[in-house]
Ligand SMILES: [Zn+2]
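Residue numbers (our numbering): 16 to 255.
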């Protein structure tokens, strides 16, 4: 019996051509009109997909409902990021970036094309699915807001029921074994939270004053402050 999710030559062709097209036309941030158009074109023939696009960024949400699905069936979300980086591409390849100063240096072109490939494979096998699938094409991963805005705009409710599980992938070349998947529950790779600490002093007369510099020194010397930038500051302060 052949594997229904085996990548067919047709899907391979669609995926490779899309990846090259996106790689040649990198866009950054929330506004990715060319990338969005390429993705929409590549899923155009999948008539069972319910496709919607973002109103404040170039996001795409496509819902695939299985004929075997029911109101209690799980909803699986598959996500890909689509944005490039402000990096100059300096390699001689046929599909190199045509946009000066921008390139897909992080592999999001691979993620996007791969998710389109998954949409084609799952659409072709939708009668076998026991769940509904949400395909989430996300802009602005590098600027942190892309997923946040899509969640605010309802991607987690796009199938009409809560998402049961969400999966994202990231290519990682050079340091890991080729053709190997590394997987774990929960989060993987860097997060994008930021911590902002404001230290305020009160007055200037001993003993009622609170010196902000003392608080700052305590903070950078504490175990908590082990980040390189804070450690750098600590080293500088030690030299004063
Ligand atoms: Zn990335």
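We put the CB at the ideal spot given by N, CA and C, even for glycine.
Check, Outcome
"When the Cβ atoms of the region 60-78 are set against those of the region 21-31, are three or more pairs found closer than 8 Å?", "no"
"I need the DSSP call for residue 37, collapsed to helix, strand or coil.", "helix"
"Please determine if the region 88-100 and the region 41-61 are in contact, where contact requires at least 3 C-beta pairs separated by less than 8 Å.", "yes"
"Can you tell me which residues form a DSSP beta bridge with residue 182?", "93"
"Consider the C-beta atom of residue 124 and the heavy atoms of ligand 1; say whether any pair is separated by less than 7 Å.", "no"
"May I ask you to list the residues that DSSP assigns as paired with residue 153?", "96"
"Can you tell me which of the three DSSP states residue 124 falls into?", "helix"
"Flag this pair as yes or no: are the beta carbons of residue 45 and residue 160 separated by less than 8 Å?", "yes"
"So, do the region 58-65 and the region 116-123 have three or more beta carbon pairs nearer to each other than 8 Å?", "no"
"Decide if the region 84-93 is in contact with the region 164-181; the criterion is three or more beta carbon pairs, one per stretch, under 8 Å apart.", "yes"
"The beta strand (DSSP E) spanning residue 75 covers which residue range?", "75-79"
"Is residue 156 near ligand 1, judged by its Cβ being under 7 Å from some heavy atom?", "yes"
"Between which two residues does the beta strand (DSSP E) containing residue 229 stretch?", "First-last for residue 229: 227-236, but that is the alpha helix (DSSP H), not the beta strand (DSSP E)."
"For residue 38 and residue 193, what's the separation of their Cα atoms in angstroms?", "21 Å"
"Indicate the three-state DSSP secondary structure (helix, strand or coil) for residue 66 in the structure shown.", "strand"
"Classify residue 213: buried if its beta carbon has 16 or more other beta carbons within 10 angstroms, exposed otherwise.", "exposed"
"Can you tell me the Cα-Cα spacing of residue 216 and residue 163, whole angstroms?", "35 Å"
"Name the DSSP bridge partner or partners of residue 118?", "100"
"Looking at ligand 3, does it come within less than 7 Å of residue 87, judged from the CB to the closest heavy atom?", "With respect to small molecules bound, the structure shown includes ligand 1 and not ligand 3."
"In the DSSP assignment, the alpha helix (DSSP H) including residue 10 goes from what residue to what residue?", "This structure cannot speak to residue 10, because the chain is shown only from 16 to 255."
"Label residue 132 either buried or exposed according to how many other C-beta atoms from any shown protein chain fall within 10 Å of its C-beta, with 16 as the threshold for buried.", "buried"
"Relative to the alpha-carbon of residue 137, which residue among 237, 81 and 55 has its alpha-carbon at the smallest distance?", "81"
"Just reading off the alpha helix (DSSP H) that residue 50 is part of, what are its end residues?", "48-57"
"Cα separation between residue 258 and residue 189?", "The displayed coordinates of the chain run from 16 to 255. Any statement about residue 258 would go beyond what the structure contains."
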